[in-house]
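Undergrad: Supplied in structure tokens, the structure appears directly below.
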Amino acid sequence: QRCRAGPEGRGCCTEDEEQNVKLTEILELLVAAGYFRARIKGLSPFDKVVGGMTWCITTCNFDVDVDLLFQENSTIGQKIALSEKIVSVLPRMKCPHQLEPHQIQGMDFIHIFPVVQWLVKRAIETKEEMGDYIRSYSVSQFQKTYSLPEDDDFIKRKEKAIKTVVDLSEVYKPRRKYKRHQGAEELLDEESRIHATLLEYGRRYGFSHQSKTEKAEDKKTALSAGLSTTEKGDAHEEDELRAAEEQRIQSLMTKMTAMANEESRLTASSVGQIVGLCSAEIKQIVSEYAEKQSELSAEESPEKLGTSQLHRLKVISLNKQIVQKTKHLEELRASHTSLQARYNEAKKTLTELKTYSEKLDKEQAALEKIESKADPSILQNLRALVAMNENLKSQEQEFKAHCREEMTRLQQEIENLKAQRAPCGDEKTLSNGEPPGTLTSAMTHDEDLDRRYNMEKEKLHKIRLLQARRNREIAILHHKIDEVPSRAELIQYQKRFIELYRQISAVHKETKQFFTLYNTLDDKKVYLEKEISLLNSIHENFSQAMASPAARDQFLRQMEQIVEGIKQSRMKMEKKKQENKMRRDQLNDQYLELLEKQRLYFKTVKEFKEEGRKNEMLLSKVKAKAS
430 QRCRAGPEGR GCCTEDEEQN VKLTEILELL VAAGYFRARI KGLSPFDKVV
480 GGMTWCITTC NFDVDVDLLF QENSTIGQKI ALSEKIVSVL PRMKCPHQLE
530 PHQIQGMDFI HIFPVVQWLV KRAIETKEEM GDYIRSYSVS QFQKTYSLPE
580 DDDFIKRKEK AIKTVVDLSE VYKPRRKYKR HQGAEELLDE ESRIHATLLE
630 YGRRYGFSHQ SKTEKAEDKK TALSAGLSTT EKGDAHEEDE LRAAEEQRIQ
680 SLMTKMTAMA NEESRLTASS VGQIVGLCSA EIKQIVSEYA EKQSELSAEE
730 SPEKLGTSQL HRLKVISLNK QIVQKTKHLE ELRASHTSLQ ARYNEAKKTL
780 TELKTYSEKL DKEQAALEKI ESKADPSILQ NLRALVAMNE NLKSQEQEFK
830 AHCREEMTRL QQEIENLKAQ RAPCGDEKTL SNGEPPGTLT SAMTHDEDLD
880 RRYNMEKEKL HKIRLLQARR NREIAILHHK IDEVPSRAEL IQYQKRFIEL
930 YRQISAVHKE TKQFFTLYNT LDDKKVYLEK EISLLNSIHE NFSQAMASPA
980 ARDQFLRQME QIVEGIKQSR MKMEKKKQEN KMRRDQLNDQ YLELLEKQRL
1030 YFKTVKEFKE EGRKNEMLLS KVKAKAS
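Heads up: take any position in the sequence shown, counting from 1, add 429, and you land on the working numbering.
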């Protein structure tokens, strides 16, 4: 709106400034909420605000019959329809602010601002409420299709870990070593039964632990009561308890027999297998059997062996295990090296085969694409020519082979004739002194063969010339086919040209906007510099002008002249603004007329194509009837 002089003009300018301020605040709110389409400079304020309100409403999970990608620069009727659809949704959302469609269409940003502010707040709250749900849903959908590397590693190690745990539990499970006699007396107290069961599985737990614990508790009680005992009495009691415990264990052990162990007993079948092995393996098995026996004897009666002997047996056993494991490790390393080499070779071969297969697929796809784009009639003609060329080549090969066979046969016949002619000629010459008649017939036959050979050779030369001419014609046709673009290529060229034109147009429009912005800012800078220089001159001359009445009057006259000049400049700029606005309206009207013509053109082309199709159908029917 144009600023008018007087109080009304000042009020109008103030209202425009408030509208601009509210528009800026609305756009900042929308951008902060996540609607970044409001940053596009080419959109009108109506498109930005309506698009932002629609985005907020859909974010709050309310349906609105408005397309986010609605047509830009809409007409007044379309703007009113969009505004009515948006306003109809606000009561369902329980918006506390009232808004009318004409306020949105008229861009009354002062009344639109509270509604947009409430919508943005509601959209942010909805995002916070639905954020966790959407995130969990996204994670669940991701886990249905994909998996993380840690999960893959866990799945790969899971089966191996379960197998290892099962093997360990199988190896280290309790094994029964002793068994009570069938006729042994039954143990009465529960503690004796427990320790007897533990002894059956090789667990030598004494009874002194519980007695020591009870003794320690009794000692603490006695100390708290002020009583004490001597260390000598404690040692004596401990020896008595240990002796009683050992005697009780021995009494329990006498009622048990050792269980038959597979490792400590050799069967007849195992003896037969050992005898069938080589001597070195027999020695190794004997040594292992001796070690097992010594270990079992050490386990059954550890009190009979000394500490050094037990340690020596364990060291020998561990050393042999180390040697065996080292040998097994070397075998595994050698096997791993050979398998790795075979794997690398197979991987290299697979890579080469994949590369060759991809190359063949690309070439086949390129050939199929070229074949689909080519003209069917030209392609059929070309196929016929190629088939003819192949046929001529095969005929040429057959003819060459036939000529070679014929030449070989004729040469052999010539040699035979020469061999037959030599003795006959000598006899005839010696007897009659005249050349024989067979020589003349042979020479005639040779000349006939030479003549036939020359004719066939000339015929072969003509066939080669004809083949070369046909090959040259085929090559020329190939070049002509390659030079003529197909319909699909023309459509691609057209689409590409249209895309390039749109890109150039967008860049040109953006450049024009930059130039306009630069010129505007430059003019603004010039006016600000003039204003600053004017204010500086007024500030510098004000004290001198106020010194005398004459200087003051002259200063006031200069100020009036400056104000008058500013008003004239302002009127010129207003006039220029109105001219540009009228020119913009005229161009917009022309643009709408051109759009209408374009729609009419597309409609006419569509109707023309339809009529052409009908014409072709009628012509085909007429031809069918005529035939």
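Beta carbons: idealized from backbone N, C-alpha and C, even for Gly.
1. Helix, strand or coil for R925? Go by DSSP, reduced to three states.
2. To the nearest angstrom, report how far apart L859 and Q849 are at their CA atoms.
3. CA-CA distance, L811 and L889?
4. Let me make sure I understand the geometry here. Which of V1034, L472 and G481 has the alpha-carbon closest to that of V460?
5. Give me the Cα-Cα distance between L985 and E958, rounded to the nearest whole angstrom.
6. Find out if the Cβ-Cβ distance for the pair V479, I533 is shorter than 8 Å.
7. Are the Cβ atoms of L456 and K477 separated by less than 8 Å?
8. Whole angstroms is fine: what's the gap from K556's alpha carbon to T488's?
9. In terms of residue numbering, what span does the beta strand (DSSP E) encompassing K608 cover?
10. Does R838 get closer than 8 Å to chain C when you measure Cβ to Cβ?
11. Let's test the definition: count the other Cβ atoms within 10 Å of the Cβ of Y601 and tell me whether it reaches 16, buried, or not, exposed.
12. Please classify I515 as buried or exposed, where buried requires at least 16 other C-beta atoms within 10 Å of its C-beta.
13. Using DSSP with H/G/I as helix, E/B as strand and the rest coil, what is L996?
14. What residues in its chain sit with their C-beta under 6 Å from that of P525, if we drop five residues either side in the sequence?
15. Kindly list the residues whose CB is nearer than 7 Å to the CB of K585, restricted to its own chain and excluding five residues on each side of it in sequence; keep chain order.
16. Distance, Cα to Cα, R604 vs I591?
17. Taking contact to mean 3 or more Cβ pairs, one atom from each stretch, closer than 8 Å, check whether the stretch 935-951 and the stretch 965-976 are in contact.
18. Taking the alpha-carbon positions, what's the Q1007 to L1016 distance?
19. Pull up the distance between the alpha-carbon of Y785 and that of H831, whole angstroms please.
20. For the ligand ADP, I want to know if I892 counts as a neighbour, meaning its beta carbon is within less than 7 Å of at least one of the ligand's heavy atoms.
21. Would you decide whether K829 is buried or exposed? Buried here means 16 or more other CB atoms lie within 10 Å of its CB.
22. Can the beta-carbon of E454 be found less than 8 Å from the beta-carbon of F542?
23. Quick one: is Y464 buried, meaning 16 or more other Cβ sit within 10 Å of its Cβ, or exposed?
24. Taking H526 as part of the alpha helix (DSSP H), name the residues at either end of that continuous run.
25. Around the Cβ of S1056, are there at least 16 other Cβ atoms within 10 angstroms (buried) or fewer (exposed)?
26. Name the two residues that bound the continuous alpha helix (DSSP H) containing T488.
27. Which of helix, strand or coil does DSSP assign to G471?
28. Return the CA-CA distance between E774 and H765, expressed in angstroms with no decimal places.
29. Which value, in whole angstroms, describes the spacing of the CA atoms of D879 and A904?
30. Between which two residues does the alpha helix (DSSP H) holding L548 run?
31. Is E446 buried or exposed, if buried means 16 or more other CB atoms sit within 10 Å of its CB?
32. For R677, which residues of its own chain have a beta-carbon under 6 Å away from its beta-carbon, when the five flanking residues on both sides are left out?
33. Along the alpha helix (DSSP H) that carries D582, what are the first and last residues, could you check?
34. The alpha helix (DSSP H) spanning S512 covers which residue range?
TA: A quick look at the data gives this:
1. Here R925 sits in helix by DSSP.
2. In this prediction, L859 scores a pLDDT of 42, lower than 50, which makes its location untrustworthy; the coordinate-derived value is nonetheless stated afterwards. L859 and Q849: Cα-Cα distance of roughly 16 Å.
3. Going from the Cα of L811 to the Cα of L889 covers about 25 Å.
4. Restricting attention to V1034, L472 and G481, the CA atom closest to the CA of V460 is found in G481.
5. Computed Cα separation, rounded: 22 Å.
6. Closer than 8 Å, so yes.
7. Yes, they are a contact pair.
8. About 8 Å.
9. Per DSSP, K608 belongs to the beta strand (DSSP E) from Y607 to R609.
10. Among the chains in the structure shown there is no chain C, since it carries only a single protein chain.
11. Y601 counts as exposed, since fewer than 16 other beta carbons sit within 10 angstroms of its beta carbon.
12. Taking all protein chains shown into account, I515 has 16 or more neighbouring C-beta atoms within 10 Å of its C-beta and is therefore buried.
13. The sequence given here places Lys at residue 996; Leu does not occur at that position. Here K996 carries a helix assignment [DSSP, helix/strand/coil].
14. Counting only residues of its own chain and dropping the five nearest sequence neighbours on each side, P525 has no CB closer than 6 Å to any other CB.
15. Scanning its chain for C-beta atoms nearer than 7 Å, with the 5 sequence neighbours on each side dropped, one finds no residue around K585.
16. The straight-line gap from Cα to Cα measures roughly 22 Å.
17. Look at the beta carbons and you see the stretch 935-951 not touching the stretch 965-976: under three pairs across the two are nearer than 8 Å.
18. Computed Cα separation, rounded: 14 Å.
19. The alpha-carbon of Y785 is positioned some 40 Å away from that of H831.
20. This structure lacks the ligand ADP; in fact it carries no ligand of any kind.
21. With fewer than 16 other Cβ atoms within 10 Å, it is exposed.
22. In contact: E454 and F542 (Cβ atoms closer than 8 Å).
23. Around the beta carbon of Y464, 16 or more other beta carbons sit within 10 angstroms, so the residue counts as buried.
24. No residue range can be given for H526, since it is assigned to no alpha helix (DSSP H) and is classified by DSSP as neither H nor E.
25. Classification for S1056: exposed.
26. Annotation: the continuous alpha helix (DSSP H) that includes T488 extends over P474 to T488.
27. In this structure, G471 counts as coil in the three-state DSSP scheme.
28. Rounded to the nearest whole angstrom, the C-alpha separation of E774 and H765 is 14 Å.
29. Rounded to whole angstroms, D879 to A904 spans 37 Å at the Cα level.
30. Residues F538 to T574.
31. Result: exposed.
32. No residues qualify anywhere along the chain.
33. Run containing D582: P578 to V600, per the alpha helix (DSSP H) assignment.
34. Element bounds for S512: I505 to V518.
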